[in-house]
Amino acid sequence: MKKKDYSIMSSEIVKSIGGKDNISFFTHCVTRLRFNLKDKGLVYLSTEN
7 MKKKDYSIMS SEIVKSIGGK DNISFFTHCV TRLRFNLKDK GLVYLSTEN
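For the sequence shown, the numbering used here begins at 7 and goes up steadily by one.
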C-alpha cells in the first residue's frame, strides 16, 4: 500500500479554499474537515478526482 503524503494534501486543501488567510475557524471530526471561511467566493471546487 502506498504511503500518503499528508503535507502535500493539506497544502492543496488550504489553497483550494482561498488560502490560510481565508480561514476564520477550523475543526474536524473523524471523517470531515470543517472550515468557517471569510469569503466563500474564493473557494475553488475541482470536478477532477
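Idealized CB from N, CA, C, for every residue including glycine.
Predicted model, so just to flag it, every value in this text is computed and none were measured.
Helix, strand or coil at residue i according to DSSP, with G and I counted as helix
i	result
LEU39	strand
SER13	helix
Residue i versus residue j: straight-line alpha-carbon distance, rounded
i	j	result
LYS41	LYS8	At residue 41 the sequence reads Phe, which differs from the Lys that was named. In a straight line, the C-alpha of PHE41 is about 28 Å away from that of LYS8.
LYS21	ASP27	10 Å
SER16	LYS10	11 Å
Cβ separation of residue i and residue j, assumed to be a contact under 8 Å, to the nearest whole Å
i	j	result
VAL67	ILE23	The first residue shown for the chain is 7 and the last is 55, placing residue 67 beyond what the model contains.
Residues bridged to residue i [DSSP beta-bridge criterion]
i	result
ILE29	LEU43
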